[in-house]
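Everything in the sequence shown is counted per full-length UniProt numbering, starting at 1 for the first residue and increasing by one. No residue lacks a Cβ here, since even glycine has one placed at the ideal position from N, Cα and C.
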Amino acid sequence: MDLTDACFAGAARQAELLRAGTLTSRALVAECLRRIDRHDRTLNAFRLVFTDRALADADRADARLARGEDAPLLGVPVAVKEDLAVAGLPTTKGTAAVDTTAPEDSEIVRLLRAAGAVVVGRTRMPELGLWPYTESTWAGATRNPWSADHSPGGSSGGSAAAVAAGLVGAAIGTDGAGSIRIPAACTGLFGLKPHRDHVSLAPDRDGWHGLVAAGPITRHVADAALLLDVLAPGHDHTAAVTGTRTLRIAVSLRTWGRGIPVDPEVRDAVLDTAGLLADLGHDVTRVDPDLRDVTGPAVLAARYLHSAATTEQALDRPDRLDARTRAVAALGRALPAPAVRAALAQTAKLTDHANRLFEQHDLLLTPVLTRPPLRVGEWNRRPTLAALLAAARMTTFLPLWNITGNPAASVPAGHTRTGLPLAVQLVAATDGEHTILTAAGQLERARPWTDRRPPAHP
């Protein structure tokens with residue numbers, strides 16, 4: 001296997017190659033760094049690249065491998081989103097507004113390093129993670145490896161762009177209203193939002209009042225399972241990927257709010273995936289559950305806006321934020337405190353209501369987004385409120401599962417007529433990561449998606 005192929009092999013295969021001595025971590029990491037230098041001038045996926053430390057860590061990994069040591073990710077290059085603390089650096093959250101440095105690594109970064117991973121760099125996100133695209137006035141746009149005219153989504157857009165372009169073997173994102181699933185869908189990757197508290201967010205105690213979860217963005221389902229085994233040990237996610245269990249799967253194209261159109265190519269991708277799952281032997285049923293179209297979006301809007309305001313208040317220099325970010329935070333500050341408390345009080349009822357579906361079904365299959373990826377700058381001229389409403393329509397299938405805490409994943413499902421990635425969402429019961437991994441693993445084996453690479457980043 002040549003080094004370019006190794007860069008696109010994904011974390012699990014890279015770990016196998018390193019363990020077998022087929023290549024060295026130094027060679028693999030150095031090639032990733034060369035690819036970053038070559039391609040990231042266009043992609044803008046990385047906020048910061050740790051060149052010297054990454055090479056030194058790769059050398060240490062090779063020495064450990066030579067001694068016969070083993071660790072799940074020993075020598076594998078990974079990237080982490082810039083809202084995850086790295087010791088000695090400000091946790092920037094997509095902004096230029098943080099000066100205070102983190103005293104220690106976040107638990108996620110600590111676990112990755114303990115598993116032998118080489119953290120190559122930090123990936124970009126929109127300011128405070130507020131948007132389903134990754135752009136700001138001061139950092140510019142992060143671009144989709146499949147089309148430089150399009151966004152890789154957000155808010156974990158840099159993580160997804162880095163993996164899709166073969167710059168790292170895997171990356172970690174965070175998801176407060178779809179921010180792992182959106183960029184995975186836009187870039188043809190597998191992205192899994194675990195259930196609430198499955199992966200520790202320490203030192204953060206309660207990201208966006210419980211909306212935020214952290215998880216992997218990867219080329220293969222097995223890569224995601226391997227990273228989850230590291231970040232949430234003791235659950236053997238890897239074993240689920242090869243499972244053959246027959247599942248009861250509900251299919252829904254019902255949006256969370258009336259009158260929201262679903263692009264025909266998106267709809268066809270969902271129905272095609274439903275047909276494939278039926279062909280694989282699963283019990284697939286069309287179900288359009290009552291999702292409380294008034295209560296649910298109102299609960300999300302209050303929590304989202306309030307979280308934007310509280311996050312802004314914690315910054316060292318909020319005056320450095322983009323005007324649009326400040327406008328969203330101002331909307332949050334304008335919310336009466338009783339409205340925020342009322343929204344939080346609805347969480348348990350909404351969770352119980354949504355999870356009734358899983359009394360009769362093992363999985364829910366939906367679109368990820370209502371349309372193909374956005375063009376770079378597509379919404380820049382829209383007023384803030386209009387952009388927020390457009391984002392809500394585009395991501396209508398996603399944020400409910402942040403409120404309820406259920407695991408949910410974006411699974412590749414082909415391409416549009418113009419070559420942009422399409423995807424479907426799989427949602428499971430509260431602790432159903434294994435169920436998602438089983439179904440996604442079957443879909444990947446039946447319809448492999450990693451043989452095709454972004455044409456502009458060979």
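Between the C-alpha atoms of Ser-147 and Ser-410 there is a straight-line separation of about 19 Å. For Ile-249, the uninterrupted beta strand (DSSP E) run begins and ends at 248-251, by DSSP. Nearest to Ala-301 by alpha-carbon distance, out of Val-287, Thr-347, Arg-286 and Leu-315, is Thr-347. Thr-174: member of the beta strand (DSSP E) spanning 170-175, first to last residue. Membership of Val-120 in any alpha helix (DSSP H) is not indicated; the residue belongs instead to the beta strand (DSSP E) covering 118-123. Note that the C-beta distance between Val-376 and Arg-143 is below 8 Å. For Asp-197, the closest alpha carbon among the candidates Ala-213, Thr-123, Leu-331 and Arg-303 is that of Ala-213. Here Met-394 is buried: its Cβ has 16 or more other Cβ atoms, across all protein chains shown, within 10 Å.
With a cut-off of 8 Å on Cβ pairs, the stretch 32-39 is in contact with the stretch 47-58, counting three or more such pairs. Setting aside the 5 residues that flank it on each side, Gly-121 is surrounded in the same chain by Phe-46, Leu-48, Val-49, Phe-50 and Ala-79, each with a C-beta closer than 6 Å to its C-beta; the list follows chain order.
Between Ala-102 and Leu-89, the gap from beta carbon to beta carbon is short of 8 Å. Around the Cβ of Met-125, a 10 Å sphere holds 16 or more other Cβ atoms; the residue is buried. For Gln-14, the enclosing alpha helix (DSSP H) begins and ends at 11-20. In the structure shown, Val-98 falls within a coil segment according to DSSP collapsed to helix, strand and coil.
Ranking Val-86, Ala-6, Arg-320 and Thr-218 by CA distance to the CA of Asp-105 puts Val-86 first. Annotation for Lys-93: Asp-83 and Leu-128 place their beta carbon closer than 6 Å to its own, counting only its chain and skipping 5 residues before and after. Inclusion of Ala-170 and Pro-145 in the CB contact set at 8 Å is not warranted, their separation being larger than that value.
In this structure the stretch 269-288 does not lie against the stretch 319-335, because fewer than three pairs of beta carbons, one per stretch, are closer than 8 Å. Annotation: Asp-70 is outside any alpha helix (DSSP H) and is labelled neither H nor E by DSSP.
Rounded to whole angstroms, the separation of the alpha carbons of Thr-42 and Gly-140 is 11 Å. The C-alpha of Gly-405 is placed about 15 Å away from the C-alpha of Ile-436.
In the three-state DSSP reduction, Val-266 falls in the helix class (H, G or I). Counting along the chain, the unbroken alpha helix (DSSP H) around Val-299 starts and ends at 295-313. Using a Cβ distance threshold of 8 Å, Leu-422 and Ala-408 do not count as a contacting pair. By the CB criterion at 8 Å, Tyr-133 and Leu-385 fall outside the cutoff. Burial of Glu-312 is indicated by the presence of at least 16 other C-beta atoms within 10 angstroms of its C-beta. For the pair Ala-278 and Gly-432, the Cα-to-Cα distance works out to about 20 Å. Using a 10 angstroms sphere on the CB of Gly-234, the tally of other CB atoms stays under 16, which defines it as exposed. Burial is judged here by how many other beta carbons sit within 10 angstroms of a residue's own beta carbon; Pro-367 has at least 16 and is buried. According to the DSSP assignment, Gln-425 belongs to the beta strand (DSSP E) that extends over 421-428. Under DSSP, Glu-135 forms a beta bridge with Ala-141.
For Ser-410, the uninterrupted beta strand (DSSP E) run begins and ends at 408-415, by DSSP. Taken in chain order, the complete alpha helix (DSSP H) segments of 4 or more residues contained in the stretch 354-409 are 384-394 and 400-404. DSSP lists no bridge partner for Asp-5.
Beta-bridge partners of Lys-81 (DSSP): Thr-123. Annotation for Ile-182: the continuous alpha helix (DSSP H) segment containing it runs 181-187.
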